[in-house]
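Enquirer: Here the protein sequences come in this chain order: A and B. So for the first sequence, the working numbering puts the first residue at 3; every next one is plus one. So for the second sequence, the working numbering puts the first residue at 3; every next one is plus one. A virtual CB, placed ideally from N, CA and C, is assigned to each residue, including glycine. The structure is given below, and queries will be raised subsequently.
Number of protein chains: 2
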Amino acid sequence: MMCQLFPYAEQVTRWLEPEQQRAWRAYVRMQGELNAHLSRQMSADSEISMADFAVLVQLTDTPDERVRVLELARSLHWEKSRISHHLARMEKRGLVRREICRSDGRGSFVVLTELGRSAIEEAAPAHAETVRALVFDQLSDDEVDALREISEKVFTRLTTGECASVIARCDADDPMEVVSEEGGCTEA
Amino acid sequence: MMCQLFPYAEQVTRWLEPEQQRAWRAYVRMQGELNAHLSRQMSADSEISMADFAVLVQLTDTPDERVRVLELARSLHWEKSRISHHLARMEKRGLVRREICRSDGRGSFVVLTELGRSAIEEAAPAHAETVRALVFDQLSDDEVDALREISEKVFTRLTTGECASVIARCDADDPMEVVSEEGGCTEA
DNA sequence: TCAACCTGGATGATGTGTCAACTATTCCCG
DNA sequence: CGGGAATAGTTGACACATCATCCAGGTTGA
Numbered sequence: 003m004m005c006q007l008f009p010y011a012e013q014v015t016r017w018l019e020p021e022q023q024r025a026w027r028a029y030v031r032m033q034g035e036l037n038a039h040l041s042r043q044m045s046a047d048s049e050i051s052m053a054d055f056a057v058l059v060q061l062t063d064t065p066d067e068r069v070r071v072l073e074l075a076r077s078l079h080w081e082k083s084r085i086s087h088h089l090a091r092m093e094k095r096g097l098v099r100r101e102i103c104r105s106d107g108r109g110s111f112v113v114l115t116e117l118g119r120s121a122i123e124e125a126a127p128a129h130a131e132t133v134r135a136l137v138f139d140q141l142s143d144d145e146v147d148a149l150r151e152i153s154e155k156v157f158t159r160l161t162t163g164e165c166a167s168v169i170a171r172c173d174a175d176d177p178m179e180v181v182s183e184e185g186g187c188t189e190a
Numbered sequence: 003m004m005c006q007l008f009p010y011a012e013q014v015t016r017w018l019e020p021e022q023q024r025a026w027r028a029y030v031r032m033q034g035e036l037n038a039h040l041s042r043q044m045s046a047d048s049e050i051s052m053a054d055f056a057v058l059v060q061l062t063d064t065p066d067e068r069v070r071v072l073e074l075a076r077s078l079h080w081e082k083s084r085i086s087h088h089l090a091r092m093e094k095r096g097l098v099r100r101e102i103c104r105s106d107g108r109g110s111f112v113v114l115t116e117l118g119r120s121a122i123e124e125a126a127p128a129h130a131e132t133v134r135a136l137v138f139d140q141l142s143d144d145e146v147d148a149l150r151e152i153s154e155k156v157f158t159r160l161t162t163g164e165c166a167s168v169i170a171r172c173d174a175d176d177p178m179e180v181v182s183e184e185g186g187c188t189e190a
């Protein structure tokens with residue numbers, strides 16, 4: 003059970019415990035299927051992808067419906083090149099529009115267009131229904147709580163200390179050390 | 003990140019409860035960061051990607067380290083074109099090799115090469131360490147149990163009934179196939 | 001036996017994510 | 001003021017996933 007497949011572990015590699023093994027496998031499979039399903043549902047029921055949706059949500063969340071590009075990147079935890087490429091594609095499809103930023107000549111705003119607004123308004127209800135049907139209808143209140151707790155713990159681990167080093171590229175407002183610190187996160 | 007509250011919901015859409023909302027946001031963020039981190043760690047510490055790793059694990063799990071292409075697709079829950087493209091890239095890099103299948107002229111076997119073997123042997127320990135450090139070191143035994151339970155429930159929902167319709171493309175046989183305990187390390 | 005169909009798998013187009021390099025502006029400090 | 005560093009954002013190359021389509025080899029049945 004303990005990974006007899008890799009007998010070469012002369013080194014004291016601490017493999018996962020059997021229960022951890024099972025939990026991990028279950029999680030990985032679930033997460034993969036769930037992502038795939040949500041993506042498929044979204045692009046079947048509407049004209050946008052999950053990524054588009056995430057961007058549009060951020061825009062509708064903003065009073066002005068206009069947001070600086072890097073701010074978008076930070077709130078989505080995306081890399082700046084990713085947001086840049088993605089916005090270019092969304093702009094080509096008319097979902098958003100760029101506007102120059104007068105107060106800072108380097109930057110630009112992203113603005114929600116009417117098409118973008120109607121796209122997300124069309125997509126959101128079905129998405130919420132799907133999430134509820136696939137996830138929350140399966141879980142007790144305690145399990146929902148546990149899911150949040152677990153997710154927060156892992157997320158915290160991921161975004162604090164050495165682990166945050168790479169993320170720090172776009173997470174600049176985080177005062178954490180940008181120490182190179184590779185070997186990354188394999189515990190101290 | 004997704005599905006904030008949309009004030010325009012006149013329609014009878016059942017949005018998520020506030021606690022569900024919070025759990026969902028926490029999960030989505032965690033899952034995104036975790037995937038990103040695991041991928042980065044894997045390609046930093048070794049010559050392979052998470053996808054390569056998943057393929058190689060399947061191959062090492064097989065007695066004679068040769069497997070039919072579509073069988074691979076099914077066990078990974080990948081589409082056949084995805085596995086085909088991916089194998090082409092892996093073959094180009096020397097990680098696997100194809101062999102003709104004498105019993106069925108259409109098909110072919112995928113075989114683990116020496117390079118492939120050493121690649122996974124090099125990658126596996128660090129990956130296991132990372133998963134342990136990022137996930138399981140943060141969780142109590144009860145939480146590990148809850149994670150498995152939750153994942154299994156959602157996964158079951160995803161792979162039974164109408165939901166399975168699309169997946170069924172490659173999942174033709176066997177509706178449930180819940181983790182057969184072949185102990186394949188921390189595969190993806 | 002032969003035509004219709006099914007299956008295993010490859011291919012090309014397109015959309016997406018990542019990394020590294022780049023440009024242009026602004027900031028900081030002497 | 002002026003010059004280097006930081007910042008905002010783009011671009012190009014490449015890896016990857018998905019979809020539709022194609023094709024060769026098997027299977028079925030009249």
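How many Å lie between residue 40 (chain B) and residue 99 (chain A) at the Cα?
Expert: About 34 Å.
Enquirer: Considering only residues of the same chain and omitting the five flanking positions on each side of residue 15 (chain B), which have a CB-CB separation below 8 Å?
Expert: Here the set comprises nothing.
Enquirer: Identify whether residue 19 (chain B) lies in helix, strand or coil by the three-state DSSP scheme.
Expert: Of the three classes helix, strand and coil, the one that applies to residue 19 (chain B) here is coil, per DSSP.
Enquirer: In three-state terms, what does DSSP make of residue 149 (chain B)?
Expert: Three-state result, residue 149 (chain B): helix.
Enquirer: With DSSP as the reference, identify every bridge partner of residue 112 (chain B), one or two as the case may be.
Expert: Residue 112 (chain B) pairs with B:69 and B:100.
Enquirer: Under 8 Å Cβ-Cβ, which residues of chain A neighbour residue 153 (chain B)?
Expert: Chain A residues near residue 153 (chain B): 25, 28, 29, 31, 32 and 33.
Enquirer: Below 8 Å, how does it come out for the stretch 76-85 of chain B and the stretch 130-146 of chain B: are there three or more Cβ pairs, yes or no?
Expert: Taking 8 Å as the limit for Cβ pairs, the verdict is that the stretch 130-146 of chain B does not touch the stretch 76-85 of chain B.
Enquirer: Identify the contact partners of residue 115 (chain A) in chain B, using a Cβ-Cβ distance below 9 Å as the criterion.
Expert: Neighbours of residue 115 (chain A) on chain B: none; closest Cβ ~16 Å, over 9 Å.
Enquirer: What are the boundary residues of the alpha helix (DSSP H) that residue 87 (chain B) is part of?
Expert: Its alpha helix (DSSP H) spans residues 82-94.
Enquirer: Round the Cβ separation of residue 24 (chain A) and residue 150 (chain B) to the nearest angstrom and send it over; I've been treating them as touching at under 8 Å.
Expert: Between residue 150 (chain B) and residue 24 (chain A) the Cβ distance is about 6 Å, and since that is below 8 Å, they are a contact.
Enquirer: Closer than 9 Å between beta carbons: that is the criterion. Which residues of the stretch 131-146 of chain A meet it against chain B?
Expert: Residues passing the 9 Å Cβ filter: 131, 133, 134, 135, 136, 137, 138, 139, 140, 141, 143, 144, 145 and 146.
Enquirer: Using a cut-off of 7 Å between C-beta atoms, extract the partners of residue 156 (chain B) located in chain A.
Expert: Here the neighbours are 32, 36, 136, 137 and 140.
Enquirer: Tell me, please, whether the stretch 102-113 of chain A touches the stretch 54-69 of chain A by the rule of three or more beta-carbon pairs shorter than 8 Å.
Expert: Yes, the stretch 102-113 of chain A is in contact with the stretch 54-69 of chain A.
Enquirer: Look at the alpha carbon of residue 145 (chain B) and the alpha carbon of residue 101 (chain A), and state the distance between them as a whole number of angstroms.
Expert: So the two alpha carbons sit approximately 47 Å from each other.
Enquirer: Only counting the same chain, and skipping five residues up and downstream in sequence, which positions put a Cβ closer than 7 Å to that of residue 60 (chain A)?
Expert: The answer, listed in chain order, is 69, 74, 77 and 78.
Enquirer: What distance in whole Å lies between the Cβ atoms of residue 97 (chain A) and residue 117 (chain A), which are believed to be in contact at a cut-off of 8 Å?
Expert: Confirmed, Cβ separation roughly 6 Å.
Enquirer: To the nearest angstrom, how far is it from the Cα of residue 169 (chain B) to the Cα of residue 161 (chain B)?
Expert: Residue placement at residue 169 (chain B) is flagged as unreliable, the pLDDT there being 44, under the threshold of 50; the coordinate-derived value follows with that caveat. Approximately 8 Å, taken between the alpha carbons.
Enquirer: By the DSSP assignment, the alpha helix (DSSP H) with residue 55 (chain B) in it spans what residues?
Expert: From DSSP, the alpha helix (DSSP H) with residue 55 (chain B) extends over 52-63.
Enquirer: So what does DSSP say about residue 47 (chain A), is it helix, strand or coil?
Expert: It is helical.
Enquirer: Compute the Euclidean distance between the alpha carbons of residue 31 (chain B) and residue 158 (chain A), then round it to the nearest angstrom.
Expert: Rounded to whole angstroms, residue 31 (chain B) to residue 158 (chain A) spans 10 Å at the Cα level.
Enquirer: Given a cut-off of 8 Å on the beta-carbon distance, is the pair residue 152 (chain B) and residue 58 (chain B) in contact?
Expert: No.
Enquirer: Residues in the same chain with beta-carbon distance under 7 Å from residue 6 (chain B), minus the five sequence neighbours each way, listed in chain order, please.
Expert: Any answer about residue 6 (chain B) is weak, because its pLDDT of 46 lies below 50 and its placement is not dependable; what the coordinates show is given next. Here the set comprises nothing.
Enquirer: Chain B beta carbons: is any one of them nearer than 8 Å to that of residue 15 (chain A)?
Expert: Closer than 8 Å: yes.
Enquirer: Since residue 156 (chain B) contacts residue 137 (chain A) with CB under 8 Å, what's their CB separation in whole angstroms?
Expert: Right, their Cβ atoms sit about 6 Å apart.
Enquirer: Can you confirm whether residue 68 (chain B), when its beta carbon is compared against all beta carbons of chain A, has any partner nearer than 8 Å?
Expert: For residue 68 (chain B), the answer is no, since every Cβ of chain A falls outside 8 Å of its Cβ.
Enquirer: Cβ closer than 8 Å: which chain B residues qualify as neighbours of residue 21 (chain A)?
Expert: Ordered by position in chain B, the residues that pass the 8 Å Cβ test against residue 21 (chain A) are 143, 146, 147 and 150.
Enquirer: Using a Cβ-Cβ cut-off of 8 Å, state whether residue 39 (chain B) counts as contacting chain A.
Expert: Cβ-Cβ to chain A under 8 Å: yes for residue 39 (chain B).
Enquirer: Kindly say whether residue 159 (chain B), judged by its beta-carbon, lies nearer than 8 Å to any beta-carbon of chain A.
Expert: Chain A, which has a Cβ nearer than 8 Å to the Cβ of residue 159 (chain B), makes this yes.
Enquirer: Using only alpha-carbon positions, find the residue among B:85, B:72, B:26 and B:56 that is nearest to residue 109 (chain B).
Expert: Of the candidates B:85, B:72, B:26 and B:56, the one whose C-alpha sits nearest the C-alpha of residue 109 (chain B) is B:72.
Enquirer: In chain A, which residues lie less than 9 Å from residue 79 (chain B) when you measure between Cβ atoms?
Expert: Per Cβ cutoff of 9 Å: 31, 34, 35 and 38.
Enquirer: Since residue 55 (chain B) and residue 125 (chain B) are thought to touch, with beta carbons under 8 Å apart, how far apart are those beta carbons, to the nearest angstrom?
Expert: Their Cβ separation, rounded to whole angstroms, is 6 Å, which keeps residue 55 (chain B) and residue 125 (chain B) in contact under 8 Å.
Enquirer: Roughly how many angstroms separate the alpha carbons of residue 19 (chain A) and residue 26 (chain A), rounded to a whole number?
Expert: So the alpha carbons of these two residues sit roughly 10 Å apart.
Enquirer: Excluding sequence positions up to five away, which residues of its chain have a Cβ less than 7 Å from the Cβ of residue 93 (chain B)?
Expert: Excluding positions up to five away in sequence, the list reads 99 and 100.
Enquirer: Beta-carbon of residue 65 (chain B) versus every beta-carbon of chain A: anything under 8 Å?
Expert: False, the Cβ-Cβ gap to chain A never drops below 8 Å.
Enquirer: Work out the CA separation of residue 119 (chain B) and residue 63 (chain B) for me, nearest whole Å.
Expert: Each residue's alpha carbon lies about 12 Å from the other.
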